[in-house]
Amino acid sequence: MSIVPSLLEFNKKFVAEKRYEDYLTDKYPDKEVAVLTCMDTRLSELLPKALGFKNGDAKFIKNAGAILTQPFGSAMRSLLVAVYELGAREVIVIGHHGCGMTEIDPARMVNKFAEHGIDPLVIETLENSGIRMEKFLRGFSCAEEGVMHSVKMIRRHPLFPQAIPVHGFVMDPETGAVEVIVEDYREG
């Protein structure tokens, strides 16, 4: 059974009762910060609350592991838009302990593709086109490594302004405690 009917039912009531009024804000982050973080469900509410963010304070960009896999992908584009168009003046990359990307096995995932009906010929075609599943699906050995990978990619990006600081944190997904991996206050 799909979750969609219950979501739509809830939404109608939410709008009718004007519960959205508690969340009204505009598109510009009040605290002028963009946060690249993991899509882990444990962080959805915990991360903003643990850092004192309320609705409208920050631009949140989420993906698996808070990892930038390519310099011209959608997550990096989102960070550039946050900085150049929406007023973000700092970027924070936040990974977390116990991230699923530390346990990911690209070969196992490729097997799951086949189990879910993806024709092995599709994988072969992608591999022959230069898309290496091992690289595309790889994770990292620890959260700190993943955070530093993304921090470095942002800092080195040819379109990212050098005056914008890029920080790296790792969060405990149970307590919300954060550890600063790198704090960046470049002059500029």
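Residue numbers for the sequence shown follow my numbering, so the first one is 814 and each next one is one higher. All residues carry an ideal CB built from backbone N, CA and C; glycine is no exception. Keep in mind it's a predicted model, so treat the numbers as computed, not measured.
Rounded C-alpha distance that separates residue i from residue j
i, j, result
"GLU958", "LYS826", "44 Å"
"PRO978", "ASP997", "5 Å"
"ALA920", "LYS948", "11 Å"
"ILE936", "GLU928", "13 Å"
"PHE982", "HIS909", "8 Å"
"LEU892", "ALA829", "34 Å"
"ARG945", "GLY952", "14 Å"
"TYR836", "LYS867", "9 Å"
"GLY886", "ASP853", "20 Å"
"GLY1001", "PHE973", "Because the pLDDT of GLY1001 is 38, which lies under 50, any placement of that residue in the model is unreliable, and the number read from its coordinates should be weighed accordingly. Cα-Cα distance, rounded: 13 Å."
"ASN824", "ARG832", "10 Å"
"VAL896", "MET914", "27 Å"
"GLY930", "MET814", "21 Å"
"ILE907", "GLU940", "31 Å"
"GLY943", "SER819", "42 Å"
"LEU859", "THR988", "8 Å"
"MET961", "THR938", "32 Å"
"GLY911", "ALA956", "8 Å"
"LYS965", "GLN883", "12 Å"
"GLU916", "PRO861", "25 Å"
"GLN975", "PHE926", "40 Å"
"VAL817", "ASP932", "29 Å"
"SER963", "GLU834", "35 Å"
For residue i, the three-state DSSP class (helix, strand or coil)
i, result
"ALA901", "coil"
"MET814", "coil"
"LEU849", "strand"
"ALA981", "Position check: residue 981 holds Gly in this sequence, whereas Ala was assumed. Note: GLY981 maps to strand in three-state DSSP."
"GLU916", "coil"
"GLU992", "strand"
Supposed contact pair residue j and residue i - C-beta distance, whole angstroms, cut 8 Å
i, j, result
"GLY869", "THR838", "3 Å"
"MET922", "LEU950", "5 Å"
"VAL894", "ILE967", "Not a contact, Cβ separation roughly 13 Å."
"MET889", "HIS970", "6 Å"
"MET984", "VAL993", "Not really, about 11 Å apart at Cβ, beyond 8 Å."
"LYS844", "ALA863", "Contact doesn't hold; Cβ gap of about 14 Å is too wide."
"PRO986", "LEU856", "6 Å"
"LEU934", "TYR841", "That pair is no contact at about 47 Å."
Worksheet item: Does the stretch 873 to 880 touch the stretch 833 to 853, meaning 3 or more C-beta pairs lie closer than 8 Å?
Response: yes
Fill in: Unbroken stretches of the beta strand (DSSP E), 3 residues or longer, contained in the stretch 858 to 907
871 to 876
Discussion item. In chain order, what are the residue ranges of uninterrupted alpha helix (DSSP H) at least 4 long that sit wholly in the stretch 936 to 975?
Written reply: As far as the stretch 936 to 975 is concerned, its whole alpha helix (DSSP H) runs of at least 4 residues are 946 to 949 and 956 to 969.
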